[in-house]
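Last residue of the sequence shown: 406 (our numbering), numbering continuous.
To start, the structure under review is shown below, and the notes come after it.
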Amino acid sequence: MTKTRTLTLGSAAILIALLVAGPRPAASQTPKPGGVLNVMQREDLPQGFTIHETATISVVWPASPCFINLVQFDPMKKLESLDTIVGDLAEKWSWQDNYRNLVFFLRKNVKWHDGAPFTSRDVKYTFDMVREAKDATAKLRINPRKDWYVNVDAIEAPDPHTVVFRLKRPQPSLLMMLASGYSPVYPAHVPAAEFRTRCVGTGPFKLKEWRKGEFVEYVKNPDYFVKGRPYLDGLKYVVIAERGTRTAALQAGRLDVSFPGETTVSIAEQLKAGVPRMVFIDTGQNVNDNLLLNTKKPPFDNPKVRRAISMAIDRRAYVKAVHQGSAIVGASLAPKPYGVWGLLEKDLNQLPGYGKPAEDKARAKKLLAEAGFASGNPLKVEIKTRAIAIYVDFSSVVINEL
């Protein structure tokens, strides 16, 4: 078992860069149909299109155009909450029996990309598979979100357009989980394993080609259930591994949209100077930057060492260095306005490792000495990270702090 030490919780804002051909259109203007949007993709899809088998945005970001949820967070709202959930494959829903039964009423005449009709059977198949129900007809290779549905006692499909989630106890938050980008509905007639190489969904775009290491290309779904949508003829996710090359491609106009979280404040300033017509959108990002310690092996099986590591890292210096001040410091829960249960600033500052960096570092050295790590026997730590710029940035700061 690993133990999580949360250093910063959530970015206060991320920047998404969009390259527009001319002046920024007014909000009241009618969108012009046509064209292909070239989108930044920081790495090839590590698990293909299997959103239910992954925990990385590197899959969700390029696979989402193919799939649809039962419900979704309103993309026009800045913050995601129960109040901003809107229907997707479900036209409407109803809580019954004091929040113990969640009933979805599905859209009719929705088709999968291969022409098969979408029904309640697909919903039951998907979430029975994810929660690993005894009577599930399929199994995931890896299942990172089984625990999301531990409170679901049964899923019923009484007719082709009605689905009932029966819960063991009231759980209004289930609706938020179903609105997550990690909760698409799969087709019951296509083996889930096939999504490691292709996708069949009900989304606005159909997969045209995945050329591994190069791009993922979609074309407009002519049978999409939203009349007149999508406006685009297609999407192309271009895989570029190196951050500087990605930025150059965006600046040169070979890419139209950046990858979430990749446009730092400094990169944004660079792009603004070079491409005045570039549009930048601030958006919330519910992402934690974490340092995971293996508590089963020395030296991190010693609580004093773990506490020392936590106290040695100046979280606010990290926010300033890596996020240029566009992130927030949190503990175990996101503080307001990004969450409702997080500690207030005055209470957060009372926690070890959060309030007084100089004093905390001195206490960290004392704890390490008590654990047997002093000047003659320094603590040696190996940090493993993904070969992605934002992960390397985080690891570099942690190494310097230690």
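Glycine residues also receive a C-beta, built at the ideal position from the N, C-alpha and C atoms.
- Three or more Cβ pairs closer than 8 Å define a contact, and the segment 49-67 meets that threshold against the segment 138-151.
- In the three-state reduction of the DSSP assignment, Gln354 falls in the coil class.
- For the set Thr88, Ser270 and Met133, the Cα lying nearest the Cα of Gly329 is the one of Ser270.
- Take the alpha-carbon of Asp48 and the one of Ala252: they are about 19 Å apart.
- With a minimum length of 3 residues, the unbroken runs of beta strand (DSSP E) contained wholly in the segment 212-282 fall at 219-224 and 238-243.
- Assignment of alpha helix (DSSP H) within the segment 45-132, counting only whole runs of 4 or more residues, yields 61-67 in chain order.
- One thing to note: Pro37 has its Cβ no nearer than 9 Å to the Cβ of Leu239.
- Distance between His327 and Gly265, taken at the CA atoms: about 10 Å.
- Taking a contact to require three or more Cβ pairs closer than 8 Å, the segment 159-167 and the segment 124-137 qualify as touching.
- Annotated three-state conformation of Lys324 is helix, per DSSP.
- Put simply, the backbone Cα of Trp116 is about 19 Å away from that of Val220.
- Between the beta-carbon of Val107 and that of Trp97 there is about 6 Å, and that keeps the pair under the 8 Å contact cut.
- Contact annotation, Gly205 with Pro226: C-beta distance approximately 14 Å; criterion of less than 8 Å not satisfied.
- Spanning the alpha carbons of Lys143 and Asp293 requires a straight line of approximately 30 Å.
- DSSP, reduced to helix, strand and coil, places Leu182 within a helical segment of the structure shown.
- In the three-state DSSP reduction, Val385 falls in the coil class, being neither helix nor strand.
- If the five residues before and after Tyr103 are omitted, its C-beta is found closer than 8 Å to the C-beta atoms of Leu171, Pro174, Gln175 and Pro176, all from its own chain and listed in chain order.
- Distances from the CA of Gln45 to each of Asp364, Val154, Val242 and Glu386 were compared; the closest alpha carbon is that of Val242.
- For Ala196 and Ala120, the gap between their C-alpha atoms comes out near 16 Å.
- DSSP places Asp397 inside the alpha helix (DSSP H), whose first and last residues are Ala393 to Glu405.
- DSSP lists Arg170 as the beta-bridge partner residues of Ala158.
- Look at Ile146 here: in three-state DSSP terms it is coil, with no helix or strand label.
- Classified as buried, Met315 has 16 or more neighbouring CB atoms from the shown chains inside 10 Å of its CB.
- Comparing C-alpha distances from Asn381 to each of Lys388, Ile387 and Ala373 shows the shortest one belongs to Ala373.
- No Cβ-Cβ contact shorter than 9 Å links Pro356 with Asp318.
- The continuous stretches of alpha helix (DSSP H) do not include Arg202, and DSSP gives it neither H nor E.
- Taking Arg250 as reference, the option from Ile392, Ile72 and Arg135 with the minimal CA-CA separation is Ile392.
- Of the candidates Pro280, Ala245 and Asp351, the residue whose Cα lies closest to the Cα of Arg390 is Ala245.
- Around the beta carbon of Ala192, 16 or more other beta carbons lie within 10 angstroms, which makes this residue buried.
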